[in-house]
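J.:
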Amino acid sequence: MPSVSSSCCKKGPGYATPLDAMQNGPREKVLYVAMVSCQENQPDYLATIDADPDSPDYQKVISRLYSPNINDEFHHFGWNACSSCHDDCSKERRFIVLGGFKSSNIYIPDRQDP
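Once you know that position 69 of the sequence shown is 168 in this note's numbering, the rest is easy, because the numbers rise by one and skip nothing.
1) How would you call L197, buried or exposed, if buried means at least 16 neighbouring beta carbons within 10 angstroms?
2) Rounded to whole angstroms, what's the CA-CA distance from P142 to K159? Just pull it up for me.
3) D187 to N140, Cα distance in whole Å?
4) Relative to the alpha-carbon of A180, which residue among E191, H174, S166 has its alpha-carbon at the smallest distance?
5) For E127, which residues from the same chain have a beta carbon less than 6 Å from its beta carbon, with the 5 sequence-adjacent residues on both sides left out?
6) In the DSSP assignment, what are the bridge partners of V198?
7) Less than 8 Å between C-beta atoms, sequence neighbours within five positions excluded: which residues of the same chain meet that for F194?
8) Taking D186 as part of the alpha helix (DSSP H), name the residues at either end of that continuous run.
9) Can you tell me the Cα-Cα spacing of S154 and G113, whole angstroms?
10) Taking the alpha carbon of E172 as the point to measure from, which residue in A133, P152, Y157 has its own alpha carbon closest?
11) Could you check the C-alpha separation between D156 and S202 for me, to the nearest Å?
12) Can you find a heavy atom of the ligand ATP that lies under 7 Å from the Cβ of D149?
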């Protein structure tokens, strides 16, 4: 499987392997973390954390996207395009697919603006 660095378009999401990402990819600027509420009357939220060491907000939560419902229990989440699409220029990792374990709700926030 060719790496992004040797692919024809170099614009698809992801990398061929974790090693390829470490060697050829940029450092992440933001991190997305599912935050599950410990209180059943409070909603879960998706936290956006600044991971850019050159930013004045480094290591801070810069955004919270609260669920419109309670008792979701956010669980596994991921991108709308998988890393195996790394050579497909038509794919973009723009949306996060976030599921509620207890509720079976599925949320698809747009990460265009973290």
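Each residue gets a CB set at the ideal place from its N, CA and C atoms; glycine is no exception. Predicted model, so just to flag it, every value in this text is computed and none were measured.
T.: Checking against the coordinates, here is how it stands:
1) buried
2) The alpha-carbon atoms of P142 and K159 are separated by roughly 20 Å.
3) If I take the Cα positions, the gap works out to 43 Å.
4) E191
5) Cβ-Cβ distances below 6 Å link E127 to A150 in the same chain, with the five nearest sequence neighbours on each side left out; the list follows chain order.
6) One detail in the question is off: residue 198 reads as Gly in this sequence, not Val. I205, per the DSSP bridge assignment.
7) W178, N179, I207, P208, D209, R210
8) Run containing D186: none; DSSP gives neither H nor E here.
9) 24 Å
10) Distance check between E172 and each of A133, P152, Y157 places A133 closest, using alpha-carbon atoms only.
11) 33 Å
12) The ligand ATP is not among the ligands present in this structure, which contains no ligands whatsoever.
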